[in-house]
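Asks: Quick one: the structure is below, questions incoming.
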Amino acid sequence: MFQNYFKIAWRNLVRNKVYSFINVSGLALGITAFLLILEYVSFERSFDQFHKELPHMVRLLNEDVKGQTWPEIEPGWAPRIKERFPEVRDYCRFEFGVSQGVVKTAHSNEEPFREKNIGFVEENFFGFFSFPLLAGQAKALARPHVVFMSESAARKYFGNQNPLGEALMLSNQFGSAAFTVEGIYKDIPLNSDIRYDMVFSLATLKSKGYAQGDDWEALDNDSQYINTFFLLNEGVNPQSFAKRITKFRNELSKENDGARFVLQPFAYTHLAESLSDTYHTTGNLKYVYMLGIIAVLIILIAWFNYINLSTAHALKRAGEVGVRKVIGATRQMLISQFLGESILITVLALGAALVLIQLLQPLFNELIGQELSLAMLGYTSAWATGLAVLVLGSLAAGAFTAFRLSGYSPVETLKGKLTTSANGVLLRKSLVVVQFTISIVMILATIVIYSQLRYMKNKNLGIDTAQLLVVKGPDVGKDSTYGNRQTGFINEITQQSFISDYCVSGSVPSGWFNFITNGFTRPDFRPGDEFKAYSFAIVDDRYLATYGMTLKAGRNFTPEECKVPWNENSKVLMNERAIGQLGFATPEEAVRTRIMWDERQLEIIGVVQDYHHTGVQRAIDPIIFYPQQNNAFYTLRLTAGEVPDKIAAVERLYKTTFPGNPFEFFFVDDNFNKQYTSEQQFGNLFTTASLWAILIGCMGLFGLVTFTVEQRTREIGVRKVLGASVGGIVALLSKDFLKLVVVAILIASPIAWYAMEQWLQNFANRVAIEWWVFALAALLAIAIAVLTVSFQSIKAALMNPVRSLRSE
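Under the numbering used here, the first residue of the sequence shown is numbered 205, with each subsequent residue one higher.
This is the structure:
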C-alpha cells in the first residue's frame, strides 16, 4: 500500500511540474535560511558552555550608583572574600590588556610580534576553566616569569621544535623581561569569551623589580584591572551572596564610594548587557533573539506557500477524491496518501536545502565574519529545537492539506461544486496577507537599519578624522636612550613634507580611554558628585590641533605643562559633558576653577567642545584631558595622495629609530567604522533574510496567479472576444492580489514601527523613523507584487481567445 501511495505521489509531482517546482523550491529556500540562521544562533548560544563547573562559576563585577557595570576589580578582593566566606570554593584572577606588548624568542633574530590576546593569569587557571593542557604541569604557573602557549602560538614562534624550556621576551609597559615556556595548551575554541594565545604567570607581578618601581599593578593594591571569577558551592544564590560581599566591602573600605559588587553567572556573560568589557567576542542577546525570530518567520512563509498552493491545487484534484471515495476509499486512506505526498515534498526540499547550504555556506560565513558549518547545530540543543520545528511544522502543513483534501463530499466533488469554495478563498487570501505582512515588516526594518548605519557613519564627530594615521608606540628598547630616540623620531616627522601635523598621546579617538575614574568635585559640590565617573585621556599640547578639536573657553596645554611629572601636575582640560556633570552652567564659569580629585587640587584651564571619542552608538563621555608626554600612540596627519608611499616612509623612520618593534598602524576613520561591525553584520544578515523571505513569498504568489489564470481561462477568452483590452485584463487579474498587499502594508506598518523603535533604543544617537520609510516600503511591496503578478497576467491577456474557448 505504501509503495502505491509513493507511486501516486511521484506521478502527481511529475504531472504538475510548475506546482511541484514552486512547492519544493519554496520549502528548500525556507529550510536553507532557517538552518543557516540557526547555525549562527546556536554558535552564539554555545559560548562558554563547555566549562565543566559552569553552573557554579560567577564573574565579580563593580557597579556604581548609576547602575553602570564594569568587570575590572581590585586584585586584593578575591583572596579576602575567599578567606571570609565559606560559600566560595575557589577563585581565579586574570587580566586583559595590561600585559599587551611585543613578544619574540629570546635567542633569535626573528621578527617580533605585537600580541593582543595575552594576559597574566592565576596559577589555577587551567584547573578552574576547562582548557585542556597538552604538555607541562599547571602548577608551574605558581612561579614568576613562566609562560604557557597555545598550540598555534607554539608553532608560530618555534615551528616544529619542542618549546618547553625555551625563553620568550615580553616587552610592554613594564619593560622587557624573559619568560620560560613551561606548558602548551590546546587552542581555545572559537566559542569562548576568554581567548588567550599565551598566558603569563600572575605571580610575576609580585616579583620585585618587574614593574621597574611602579607598583600600581601589585596584587594587594587598589587599582582596578583584574578580572575575578568565583566558584561557588552548590545552592549558593549569586544575588544574595553579592549583597553580603558588598556589605563586607563597605566594612573594609576607608571611603564608601557608593559602588557595590555584582555576581554575574558565567553562563550568561556572552549575551549579557553590554559592559565596559575587554572581551572581544561579546555578543548581543537582542540580535540573537531577532535573528531566531526571523528564521522562524521565513520557514513560516515557506509553509504558508505550501498550504496555499496545496489547497488551491486541491480544487483540481477534487474529482479524484470523489471517485476514490465512491469506489470505497476511506478518509484515513486518503489522509495517508496526501500526507505521504507532503512528506515526499518535504524530503525533496530538505535534500535540496542541504545542497544549497553547502553552496552558500562560504558566502554566509563572509557575511557574518565567522567560520560556521552545520556542525555548529550540535554545539547546543538548537539542533533538537530546529529539528522539532522542521518536523512538526512540516507535518502540520501536510496534515492540514491532507485533512482538507480528504474531507470533500464525494457528491459535491463529482458535481463540481467546490470551485467557488468561500472558505478556501478566504484561507488563501489570509495566508497571502500574512506572508506579505512578514515581508513588509522585514523591508521596513531593513530600511531603518541601513538608515541608522548611514547616520552613524556620516554623523559629524566633532573632530576631523581625514588622513589621520595612528602608529602604535614602541615597547622594546625603553632604556636610558629612549627619550633621545623619541625626540629624534618627532624631529624626523616634522621634517617630512607629507606630514602636516602630529601629536603623541595615550588615548586616541576611535579607541578607548586610558582609564575611567571618579572622585572629582567642585568647591560647592553636591552629595553624590564624588561617585560620578569620568573618562581619562592622556594627551600632549598638540592633541587638540591634530584632531581638529575646538576650545569653547580657556586655553590649551603648553609643552612645558606636558613635561610635569604625573603627581605634580595641577592643570586639566575638560569637555562640555564633564563640566556639566560637575555642575557648571557655562564653559566660562568652569575655566580657572579649582576642583578636587580625591585629595589633589586641579585647575580647569580650558573646556573642549564635545566630540565623539568612541562610536556614536554610545553617548559622549565626560572626559578629562591630562597633560603628559605619553608614547602609546603617534597620530600623524598626512597630506592627500600616495598614501602607501607615505606609510612606507613612516615605517622606515620608525624601524630605524625603534629597532625591534613591529610597525603597527591604523587610520582613525577606518577604526571608527570598525566599531559599527556588529551593526553592519546584523544589517547584512537582515537584508539577506528579507530578500530571501520576499523571494519565497513571490514564488507562492506566482503559483497562485498561475492557478487563478488556469481557473479563469474561459472568462478571459470571453472578455477578449467582447473587446476587453490587454491592460484591462491585467488589471482584472492583478487587483485582487494588490488589495491583499495593501492590507498587509496597513498591518505591517505599526508592527515594524514598534519593533524598530525598540531596536533604536540601543543607540544614544539615532535616526527618527520618518514617514517616507513607510511610503518607500509600501512602494517596494506593491512593485514586487505587480512584477510577480504581471508576468502571468500579461501572458494570459495576450492568449488567443479562440484557442482558450475551443479548449472548453
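The beta-carbon is built from N, C-alpha and C at its ideal position, and this holds for glycine as well.
Over what stretch of residues does the alpha helix (DSSP H) that includes T860 continue unbroken?
Replies: Your numbering for residue 860 matches position 656 in the sequence shown. Where T860 is concerned, the enclosing alpha helix (DSSP H) stretches over V847 to T861.
Asks: Can you tell me whether A844 is helix, strand or coil according to DSSP?
Replies: Walking along the sequence shown from the start, residue 844 turns up at place 640. It is coil, neither helix nor strand.
Asks: Tell me whether G367 is buried or exposed, calling it buried when 16 or more other Cβ atoms sit within 10 Å of its Cβ.
Replies: Counting from one through the sequence shown, the residue named residue 367 turns up at place 163. One point to set straight first is that residue 367 is Pro, not Gly, in the sequence displayed. Buried, because 16 or more other Cβ atoms sit within 10 Å of the Cβ of P367.
Asks: Do you know whose CA, among V990, G787 and V776, lies nearest P190's CA?
Replies: The requested residue 190 is not part of the displayed model; the chain covers only 205 to 1012.
Asks: Pick out whichever of V674, K211, I392 and F335 has its Cα sitting closest to the Cα of S356.
Replies: Stepping through the sequence shown from its first residue, residue 356 is reached at position 152. When only C-alpha atoms are compared, the closest one is I392.
Asks: Out of curiosity, what's the CA-to-CA distance linking T624 and K633?
Replies: In the sequence shown, the residue the question calls residue 624 occupies position 420. In the sequence shown, the residue the question calls residue 633 occupies position 429. Because the pLDDT of T624 is 49, which lies under 50, any placement of that residue in the model is unreliable, and the number read from its coordinates should be weighed accordingly. For T624 and K633, the distance between alpha carbons rounds to 14 Å.
Asks: What first and last residue would you give for the alpha helix (DSSP H) that runs through L239?
Replies: Residue mapping note: residue 239 aligns to position 35 of the sequence shown, counting from 1. First-last of the alpha helix (DSSP H) with L239: K221 to R249.
Asks: Should H474 be labelled buried (16 or more other beta-carbon atoms within 10 Å of its own) or exposed?
Replies: Taking the first residue of the sequence shown as position 1, residue 474 is located at position 270. Flag for H474 reads buried.
Asks: Could you check the C-alpha separation between F719 and S427 for me, to the nearest Å?
Replies: As a first step, residue 719 must be located in the sequence shown, where it is residue number 515. As a first step, residue 427 must be located in the sequence shown, where it is residue number 223. One C-alpha to the other measures close to 11 Å.
Asks: Report the partner residues of T725 according to the DSSP bridge assignment.
Replies: Residue 725 sits at position 521 when you count from the first residue of the sequence shown. Answer is M800.
Asks: Just to check my reading of the structure: Q884 and L657 have Cβ atoms closer than 8 Å, yes? What is that Cβ distance to the nearest angstrom?
Replies: Mapped onto the sequence shown, residue 884 falls at position 680. Mapped onto the sequence shown, residue 657 falls at position 453. About 6 Å separates the two Cβ atoms, so the contact holds.
Asks: Would you identify the three-state DSSP class for W274, choosing helix, strand or coil?
Replies: Translated into positions along the sequence shown, residue 274 becomes position 70. Looking at W274 - three-state DSSP - the assignment turns out to be strand.
Asks: Just confirm the distance between the C-beta atoms of Y958 and R841, as a whole number of angstroms; I'd bet it's less than 8 Å.
Replies: By one-based count along the sequence shown, residue 958 stands at place 754. By one-based count along the sequence shown, residue 841 stands at place 637. No, Y958 and R841 are not in contact; Cβ-Cβ is about 45 Å, not under 8 Å.
Asks: So, are the CB atoms of I235 and A557 less than 9 Å apart?
Replies: Your numbering for residue 235 matches position 31 in the sequence shown. Your numbering for residue 557 matches position 353 in the sequence shown. Result yes, Cβ atoms of I235 and A557 sit closer than 9 Å.
Asks: Using only alpha-carbon positions, find the residue among T450, K767 and L950 that is nearest to V743.
Replies: Start at 1 with the first residue of the sequence shown, and residue 743 comes out as number 539. Ranking T450, K767 and L950 by Cα distance to V743 puts K767 first.
Asks: Might you give, ordered along the chain, the residues of its own chain that have their beta carbon closer than 7 Å to the beta carbon of T641, omitting 5 neighbours on each side?
Replies: Position 437 of the sequence shown, counted from the first residue, corresponds to residue 641. Taken in chain order, the residues that qualify are A948, I951 and A952.
Asks: Evaluate contact between the stretch 777 to 786 and the stretch 818 to 832, counting only Cβ atoms and requiring at least three cross-stretch pairs below 8 Å.
Replies: Because the criterion of three Cβ pairs below 8 Å is met, the stretch 777 to 786 and the stretch 818 to 832 touch.
Asks: Over the uninterrupted beta strand (DSSP E) stretch that includes F300, give me the two end residues.
Replies: Mapped onto the sequence shown, residue 300 falls at position 96. No beta strand (DSSP E) holds F300; DSSP gives it neither H nor E.
Asks: May I ask which residues mark the beginning and end of the alpha helix (DSSP H) holding E696?
Replies: Counting from 1 along the sequence shown, the entry for residue 696 is found at position 492. Counting along the chain, the alpha helix (DSSP H) containing E696 begins and ends at Y686 to T698.
Asks: For T450, name the three-state secondary structure that DSSP assigns.
Replies: Taking the sequence shown and counting its residues from 1, the one referred to as residue 450 is at position 246. The answer is helix: DSSP assigns T450 an H, G or I state.
Asks: Can you give me the Cβ contacts of E291 inside the same chain, cut-off strictly under 7 Å, excluding the 5 residues immediately before and after it?
Replies: Locating residue 291 in the sequence shown gives position 87, counting from the first residue. The residues are L436, N437, V440 and F445.
Asks: Would you mind sorting E148 into buried or exposed? The rule is 16 or more other CB atoms within 10 Å of its CB.
Replies: Look at the range of the chain in this structure, 205 to 1012, and you will see that residue 148 is not part of it.
Asks: Could you have a look at I285 and say whether DSSP puts it in helix, strand or coil?
Replies: For the purposes of this step, residue 285 is taken as the residue at position 81 of the sequence shown. DSSP places I285 in helix when its eight states are reduced to three.
Asks: How should E370 be labelled, buried or exposed, when 16 other C-beta atoms within 10 angstroms of its C-beta is the threshold for buried?
Replies: Reading the sequence shown from its first residue, position 166 is the one you call residue 370. The residue in question, E370, is buried, as its Cβ has 16 or more Cβ neighbours within 10 Å.
Asks: Within the chosen definition, does the stretch 726 to 740 reach the stretch 870 to 877 through at least 3 CB pairs nearer than 8 Å?
Replies: In short, these stretches do not touch, since the Cβ pair count stays below three.
Asks: Report the three-state DSSP secondary structure of F352 (helix, strand or coil).
Replies: The residue labelled residue 352 in the question sits at position 148 within the sequence shown. In the structure shown, F352 sits in a strand (DSSP, three-state: E or B).
Asks: L937 and S997: beta carbons closer than 9 Å?
Replies: Locating residue 937 in the sequence shown gives position 733, where the first residue counts as 1. Locating residue 997 in the sequence shown gives position 793, where the first residue counts as 1. Yes, these two residues count as a Cβ contact at 9 Å.
Asks: Buried or exposed: where does S396 fall if 16 or more other Cβ atoms within 10 Å of its Cβ makes it buried?
Replies: Position 192 of the sequence shown, counting from 1, holds the residue named residue 396. With 16 or more Cβ atoms within 10 Å of its Cβ, S396 is classed as buried.
Asks: What's the C-alpha gap between R453 and A968?
Replies: By one-based count along the sequence shown, residue 453 stands at place 249. By one-based count along the sequence shown, residue 968 stands at place 764. In a straight line, the C-alpha of R453 is about 33 Å away from that of A968.
Asks: Going by alpha carbons, who is nearest to L233 out of A553, H255, H311 and Q272?
Replies: Reading the sequence shown from its first residue, position 29 is the one you call residue 233. Comparing Cα-Cα distances from L233 to each of A553, H255, H311 and Q272, the minimum goes to A553.
Asks: Tell me, to the nearest whole angstrom, how far the beta carbon of G331 is from that of G387; I am working on the premise that it is less than 8 Å.
Replies: Counting from one through the sequence shown, the residue named residue 331 turns up at place 127. Counting from one through the sequence shown, the residue named residue 387 turns up at place 183. At roughly 12 Å, the Cβ-Cβ gap does not stay under 8 Å, so G331 and G387 are not in contact.
Asks: Is DSSP giving S938 helix, strand or coil here?
Replies: The sequence position of residue 938 within the sequence shown is 734, counting from 1. Helix.
Asks: In this structure, does DSSP put E764 in helix, strand or coil?
Replies: Reading the sequence shown from its first residue, position 560 is the one you call residue 764. Three-state result, E764: coil.
Asks: Counting only the same chain and skipping the five closest in sequence on each side, list residues whose C-beta sits under 6 Å from that of I703.
Replies: For the purposes of this step, residue 703 is taken as residue 499 along the sequence shown, with counting starting at 1. Hits under 6 Å: I697 and L840.
Asks: Between which residues of its own chain and I986 is the CB-CB distance below 7 Å, once the five residues before and five after are set aside?
Replies: The residue labelled residue 986 in the question sits at position 782 within the sequence shown. Excluding sequence neighbours, I986 sits near L942 and V945.
Asks: Since I believe S405 is in contact with E327 (beta carbons under 8 Å), could you give me their beta-carbon distance rounded to a whole number of angstroms?
Replies: The count along the sequence shown starts at 1 and reaches residue 327 at position 123. The count along the sequence shown starts at 1 and reaches residue 405 at position 201. Going by Cβ atoms, the distance from E327 to S405 rounds to 7 Å, so yes, they are a contact pair.
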